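**Q** One structure coming up, written as structure tokens, with questions to follow.
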DNA sequence: ATTCTGATGCCCT
DNA sequence: GGGCATCAGAATG
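Numbering (the numbering used here), first residue to last: 578 to 789.
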């Protein structure tokens, strides 16, 4: 019989690290969702690290609120938020013990359930575009507010993070985070070099100072 | 390829 | 009331 060992599920412990380390660890890993239409899985190729406390770009910079509460909890949970009045973005929580941190899932390659994903996002002009961008990624996986706080390291969860083929260190590139107007000196966006699903960089809204 | 702009609602000040 | 961790469509090289 065909023996195909199931991919290993990531553990809460290995995600209980600094978001920068968790971000690099998550590249190449697979987020799998059991949707009503069937399974959809995405190989992560672009992520960003967010810290609490000292990171002005983080939702947790100004303390704990109802929205960011999950980021203060244990690692391996999904933090979903609603943005621009129409999109959802998803993070995987890292660190723990009341220390907030998370990894924004910015883009991935759909490796399972391409037909389902295409049906969900008819505007995509190519397979690579299906999950190219954080809101597109939540779109193909069907993630919304209802999934906030779900435990991705639980084997019985309808949403799981699985280990993938390791990404060679030389294929991991780093740069400033997309769409943030502060902390542009820190290269906390990480992506897999050469993947067609990596989103194009856009700088944050507030331009620097105007003199005069 | 890049630039612009409208859509749209929730969270926080 | 200001400002978003965005996307799609259009116009322009």
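For every residue, glycine included, the Cβ atom is placed at its ideal position computed from N, Cα and C.
Note that the coordinates shown come from a computational prediction; the quantities given were computed from them, not determined experimentally.
Along the beta strand (DSSP E) that carries residue 601, what are the first and last residues, could you check?
**A** Taken as a continuous stretch (DSSP letters only), residue 601 belongs to no beta strand (DSSP E), being part of the alpha helix (DSSP H) at 596-603.
**Q** Out of curiosity, what's the CA-to-CA distance linking residue 686 and residue 640?
**A** One C-alpha to the other measures close to 34 Å.
**Q** Can you pull the DSSP bridge partners for residue 620?
**A** 607, 686, per the DSSP bridge assignment.
**Q** For residue 734, which residues of its own chain have a beta-carbon under 7 Å away from its beta-carbon, when the five flanking residues on both sides are left out?
**A** Cβ neighbours of residue 734 beyond the five flanking positions: 727, 728.
**Q** Taking the straight line between their C-alpha atoms, what separation do you get for residue 615 and residue 690?
**A** Straight-line Cα distance between these residues: approximately 7 Å.
**Q** Near residue 788, what residues of its chain come up, given a Cβ to Cβ distance below 7 Å and the 5 sequence neighbours on each side ignored?
**A** Residue confidence is low: residue 788 scores 34 on pLDDT, short of 50, so the model does not pin down where it sits. No coordinate-derived value is stated.
**Q** When you compare only the Cα positions, how much space is there between residue 586 and residue 608?
**A** Whole-angstrom Cα-Cα distance: 10 Å.
**Q** For residue 727, which three-state DSSP category applies?
**A** Coil at residue 727, not helix or strand.
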